[in-house]
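Structure first, then comments.
There are 2 protein chains.
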Amino acid sequence: MNPETLFWIVPAASVVALLFAAIFFFGMKKADEGTDRMKEIAGYVREGAMAYLKQQYKVVAIFFVIIAIVFGVMAYYGLQNNIVPVAFLTGGIFSGLAGFIGMKTATYASGRVAEACRDEVDGLNKGLKLAFRSGAVLGLTVVGFGLLDISGWYLLLDNTGLVQGTGVEKLVEITTIMLTFGMGASLQALFARVGGGIYTKAADVGADLVGKTEFHFNEDDPRNPATIADNVGDNVGDVAGMGADLYESYAGSILASAALGAAAVAAAHGTVDQAMQLVMAPMIIGAVGAILSVLGIFIVRTKQGANQTQLMAALNRGINFSGVLIALASAGILYVLGIDNWLGLWGSIFIGLVVGILIGKVTEYYTSFEFKPVKFIAENATTGPATVIISGIGVGMISTCWPVIFIVLGTIGAYLCAAGELSFSGENLSMGLYGIGIAAVGMLSTLGLTLATDAYGPISDNAGGNAEMSNLGESVRSRTDALDALGNTTAATGKGFAIGSAALTALALLASYIEELKIAAGRLGDSEVFLSYFSGTPIGKGSEVATWGIAEFMNKFEVTLMNPKVLLGVFVGAMLSFLFCGLTMNAVGRAAKSMVEEVRRQLSDKEVFEGTKKADYARCVAISTQGAQREMIIPSLIAVIVPILTGLVMGVAGVFGLLAGGLAGGFVLAVFMANSGGAWDNAKKYIETGDAPFCGKHTPVHDASVVGDTVGDPFKDTSGPSLNILIKLMSMVSIVTAGLNIAFSLL
Amino acid sequence: MNPETLFWIVPAASVVALLFAAIFFFGMKKADEGTDRMKEIAGYVREGAMAYLKQQYKVVAIFFVIIAIVFGVMAYYGLQNNIVPVAFLTGGIFSGLAGFIGMKTATYASGRVAEACRDEVDGLNKGLKLAFRSGAVLGLTVVGFGLLDISGWYLLLDNTGLVQGTGVEKLVEITTIMLTFGMGASLQALFARVGGGIYTKAADVGADLVGKTEFHFNEDDPRNPATIADNVGDNVGDVAGMGADLYESYAGSILASAALGAAAVAAAHGTVDQAMQLVMAPMIIGAVGAILSVLGIFIVRTKQGANQTQLMAALNRGINFSGVLIALASAGILYVLGIDNWLGLWGSIFIGLVVGILIGKVTEYYTSFEFKPVKFIAENATTGPATVIISGIGVGMISTCWPVIFIVLGTIGAYLCAAGELSFSGENLSMGLYGIGIAAVGMLSTLGLTLATDAYGPISDNAGGNAEMSNLGESVRSRTDALDALGNTTAATGKGFAIGSAALTALALLASYIEELKIAAGRLGDSEVFLSYFSGTPIGKGSEVATWGIAEFMNKFEVTLMNPKVLLGVFVGAMLSFLFCGLTMNAVGRAAKSMVEEVRRQLSDKEVFEGTKKADYARCVAISTQGAQREMIIPSLIAVIVPILTGLVMGVAGVFGLLAGGLAGGFVLAVFMANSGGAWDNAKKYIETGDAPFCGKHTPVHDASVVGDTVGDPFKDTSGPSLNILIKLMSMVSIVTAGLNIAFSLL
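Chains as they are written, first to last, in the numbering used here: chain A, 313 to 1059; chain B, 313 to 1059.
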């Protein structure tokens, strides 16, 4: 079938996704809000969350304006396409809007979920459905806006005179320009993840250290002044942050695949039709996945009194349903598009889906207390906090093994399926790289649904908080706890999935960087391209450089592993991941310390401690907000500036090294931190269950496990997830500054 | 002057170094051993250490025999030179012997140092001199055996018919064969570092957790059954392990530089004389450095009642003296050898020296309580152990920034000085890589002395232990404490130095890998070289491949960063560092747990607790020994097998990726772990000083800092230092199996 016709599925799916997001949103709004106290609590959380987001968007806006101006200047000097500054902004706006809507929904929903759980007959099922469909608002908004942004720009660039040229060349130009839109989404995601991550953990650690450890309050005790901030944190970190992160992966993987597809056909001197097929495939798969996600959402339901396994089964039913259907559908899509190697590309997509599932399973193995690793950490709590930390770090580091092996095998597999033969050179290289990109698209195709299971977690968590603070009684709390516990499991696998998709997307972006460099070279026309400022002889005219194949390009730009610039780029990249994590860890530490001091100050007032005087929640919310805003600046600046600086000093070779080192180092570090954190969290929970040979709450063994959990908080919710963005953002920054890299490098 | 003549300095220096090692050893043996109790304690430690080493050598011997057989088979099939299996063994034997002698010396010395400190008039000076000269035995033995092994094999290969060919080619062949001797040293070092590291920290953590935390014993309380094991651990970990580690860096950097020098001249079609100059330069600089180290050792002395600063000044005087002289001497050596670009190469050497010093300074900044980072961690102890851990990890991660920048700038600088111009391509690439190698030689040239300051630490530590267990009284203990405190500072900078030199050496080894591949290709003669088993067309005959320049070689073998095999190798390499650390962390955890249980069991006997019945030290020694032996197998196997497996599956491109990823990831991880560990250790010590605003021992704040210190133990003494070996060993394994890589790869 004609790809141009099939394309219309993309805007259509976008409308469908956004429509159902609206239906779920207004459906949720109609649900009962509960008692006045419940409304009050929900109101505090909503206000706090909105205040934070407003503050964050202010800072982000400043960054966006500055960068848009820089891009404008670059465009003026011909180093970049004129459209980029505008497109950069839309990417950021849509990503921010998705986070905003998702979070607004979550803060409206959590009180209502608590209210639903008060139904003694069908409370659990009602609560699950409400929480899950509210989470689905985030999932569908992300997917809907993503497809809208992509299809909108494609139509604009294809049908106006903004892009010159014809045929395959025009498609290459359109798709590589579109790729740079991702930069806006990336930057928005960075602030959302880093700022949100610092916010949520400063509040959480602060609330726990004083409230739980010093005063032995329960979780969400209304006397704890940091409780509201803690609940706000779940929303800004786990809802808005996660949404922005995956928005970026989603858009990034589709755009990178499209660009790689056009480039692969250009390299093979193929026809416009062939190029259109490869460009459309990722978009249409994403669109069909979005529609299947909506169907999957309707399948999730359970019965009253369901246990953990049955609840999990309910969610899995929806996920499996959409997963199997998209696997089948994508084969059909590729076939209908008329792609020659449709079966091979389908293999790549299938591999992407499988790798996503496997990484999720490994994450579950290393972070669930059903299995040995977490039990091992829990055993180590009997010899105190030090051995808890040692064993948790040990387990987390070991846990990096399988995800890396899966990514490696998956990438090779996706490459080979797409390339159609066992070779890593020449023209096939381009097709193989396209295979890697489309594997990422496969992994993310049902994002609408998987993101719903993610966002469901913090909503349930907040519902529990609302129930506790509103004194709704044991039976209600036990229902919200059941929903929340499930949320923890889905959050752990969701994190594995977020990291895995970030790695594949970043690999695809890395491949796209070279295409962007060639486009940038083409823009230079007859001007000479120099390897470096100090090198005397030019390596070719811009227009020639633009025609080189990948192998020739890499060769001329000396991007081999014996070039010290490449090697040293790899060093800097690996280091950057650590620096970034260290800065965010310390940021949480500092912000948490202010929080601890404030909570101690308030609780030293006897009336507050006894609950007769209301704690000043707003002050704690303000501390977290300010801490997060202040602390997110430096890591964010580093993430943006280092790739640019590396390019200016060490050129294309240095940037490639930087991206490869950052990607590999960042991925491994992210898996380590996420899994250590998750394992500590569940080791504590395991000890709390009171199962032999360990004892329950408020024993030295439990205290030791709480130390692990507290250390794990910034591991799994701040530094680890922020690395997902770092690895993608560095590629994105390099892609949009490719013009600079081609025009100038010092060494 | 004729390089052949100057060469004789090398064996001569070897003899001088070994001679002075013997003089210092027998001088130490003549010193008074003290009371019967002191002899008894020293006897226990000596026995324990020897028992451990014997056990370790047994395991190592099995490995060596197996690997020698494998090499033999490879040699039989023409995949390797016939000499390699034998040479592999001598490297291992000399390295093991140096560790054995150094440790034997240390265990004889520590009791005598305690005795020397009993002198009320001149005790401190006597103690310092004795401890330091005993440490120098290790330093000089390492250097002496290293130079002996190198010069012996050079003479053998140069003057017999073992190597065919003439002129530059013969030199290339000789030096690349010699390089493989380093593999034996590497493997010995791996076991020494990993086994010793596990041993020492299992004993330390076990002794502390029960003795200090549960029973509030002081350090080295004779009632603690794990005390002797703890003291043994200092010897097997910090003396034998550190010695083997640096033996490998020392030999590796000289051998790699020699090989790179010969290759650089071959690439530039230079004369035999030029090749000889470059081959001899690193050996002669090492030899002169050894002699200057001996002189430096004689300069270290201090006066009674000297404070920390004066003690440090005494050590620094020796180090600065040798450092300045070798800087001057190496300029002379290069000039006398008649090297054209002697000034440039001198620049490379000077940069190596400076980078070593700078990394040491950064390490000091991040790990000494004089500075902000450690104070920041100490402040975080006021909010409990969790914030101590978070801030320590944050500080450690941030501390990776400067060492990486220094290594990056230093490597670029060394490259540019040697290459003589600002370009990273063609023939200059070979000369530039030689510059990187010789920078490592410069950094390590005064190893005889710097290693003495390292080994001095555990000797002083053990002297303190002996004084405590023999009840020598406050004034003696205060003197041994002063020596010990100094030892902690030198140990921290020593670790920075060990990591820095490992990184530069590994970079040089990586560069040598390509030379080894070419030699291996040459051995294949008329046989075709295939890129992979599945690729249909050969890339050239073996004899042709052997003549390719670096750029052509990298191009033909597709070692560019867009080759998925390379990228994925980088992933696996980065992951391997984490896996290796995780395994060793958990190994310490498990071994420490057995120790905790044994100590608890013994102390549950009231008589042992009250000190009326002697604790069963031997049992704890046996537990550490067995634990270390058992636990070191798997990490060691991984380090050896993964590079081979990567080569078999992903070929030369995959191996290059693996080495680059492992080197960068491992270096950054090693710096992080060493500095976090050191910072925690000193944060605890800072709190113990009682300086405001923190309190002294046995307060909650102090307890929190003890948790950090305990976590830091395996960080800084097991996992971190083991990574130094990992990054070098992986290159070494790849170098000796280069024949396999050329002959076969699956993908």
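Just so it is clear, CB atoms sit at the ideal spot from N, CA and C, and this is done for glycine as well.
Taken through DSSP and simplified to helix, strand or coil, residue 920 of chain B comes out as helix. For residue 976 of chain B, the closest Cβ of chain A is nearer than 8 Å. When Cβ-Cβ separations below 8 Å define contact, residue 905 of chain A makes contact with chain B. With respect to the 8 Å criterion, residue 1033 of chain A and residue 553 of chain A are classified as neighbours on the basis of their beta carbons. Interface annotation, residue 841 of chain A: not in contact with chain B, CB-CB separation never under 8 Å. Put simply, the CB of residue 444 of chain B is far from chain A, with every gap to its CB atoms at 8 Å or more. In this structure, residue 457 of chain B keeps its C-beta atom at 8 Å or more from the C-beta atom of residue 368 of chain B. In the DSSP assignment, residue 840 of chain B falls outside any alpha helix (DSSP H) and lies within the beta strand (DSSP E) extending over 840-842. Nearest to residue 951 of chain B by C-alpha distance, out of B/1000, B/893, B/483, is B/893.
Non-local beta-carbon contacts of residue 558 of chain B in its own chain, meaning distances under 7 Å to residues more than five positions away in sequence, involve 454, 759, 763, 810 in chain order. Shown here for residue 1015 of chain A: same chain residues with a beta carbon closer than 8 Å to its own, the five before and five after excluded, namely 525, 697 in chain order. The CB of residue 525 of chain A comes closer than 8 Å to the CB of 696 in chain B, given here in chain order. Within the same chain, no residue comes within 7 Å of residue 938 of chain B by CB-CB distance, once the 5 residues on both sides are set aside. The C-beta distance from residue 862 of chain B to residue 596 of chain B rounds to 26 Å, too long to fall under 8 Å, and the pair is not in contact.
Put simply, the CB of residue 729 of chain B is far from chain A, with every gap to its CB atoms at 8 Å or more. Counting other Cβ atoms within 10 Å of its Cβ, residue 500 of chain A reaches 16 or more and is therefore classed as buried.
Counting along the chain, the unbroken alpha helix (DSSP H) around residue 956 of chain B starts and ends at 929-1000.
For residue 720 of chain B, the neighbours in chain A by C-beta distance under 7 Å run, in chain order, 880, 883, 884.
Under the DSSP assignment, residue 853 of chain A falls in the beta strand (DSSP E) whose first and last residues are 850-853.
By the CB criterion at 8 Å, residue 641 of chain A and residue 452 of chain A fall outside the cutoff. In this model, residue 790 of chain A and residue 932 of chain A are separated by some 28 Å (Cα to Cα).
What residue 713 of chain B touches in chain A, judged by beta-carbon distance under 9 Å, is 887, 888, 890, 891, 894, going in chain order. A straight line joining the alpha-carbon of residue 976 of chain B with that of residue 859 of chain B spans about 30 Å. Taking C-alpha positions only, residue 708 of chain A is separated from residue 548 of chain B by approximately 28 Å. In this structure residue 1051 of chain B does not touch residue 902 of chain B by the C-beta definition: roughly 38 Å separates them, more than the 8 Å allowed. Contact between the stretch 776-791 of chain B and the stretch 345-363 of chain B is present: three or more C-beta pairs spanning the two stretches fall below 8 Å.
Secondary structure of residue 1011 of chain B (DSSP, three-state): coil. Taking 8 Å as the threshold, the shortest C-beta distance from residue 817 of chain B to chain A does not fall below it.
At a cut-off of 8 Å between C-beta atoms, residue 1047 of chain A does not count as an interface residue with respect to chain B. With fewer than 16 other Cβ atoms inside 10 Å of its own Cβ, residue 916 of chain B counts as exposed.
Of the other Cβ atoms in all chains shown, fewer than 16 fall within 10 Å of the Cβ of residue 471 of chain A; this residue is therefore exposed. Annotation: Cβ neighbours of residue 867 of chain A in chain B (cutoff 9 Å, chain order): 863, 866, 867, 872. Across the stretch 948-964 of chain B, no CB contact with chain A closer than 8 Å is found for any residue.
In the three-state reduction of the DSSP assignment, residue 872 of chain B falls in the strand class, which pools E and B. Residue contact check for residue 323 of chain A against chain B: no CB pair falls below 8 Å. Residue 984 of chain B belongs to the set of residues whose beta carbon lies under 8 Å from a beta carbon in chain A.
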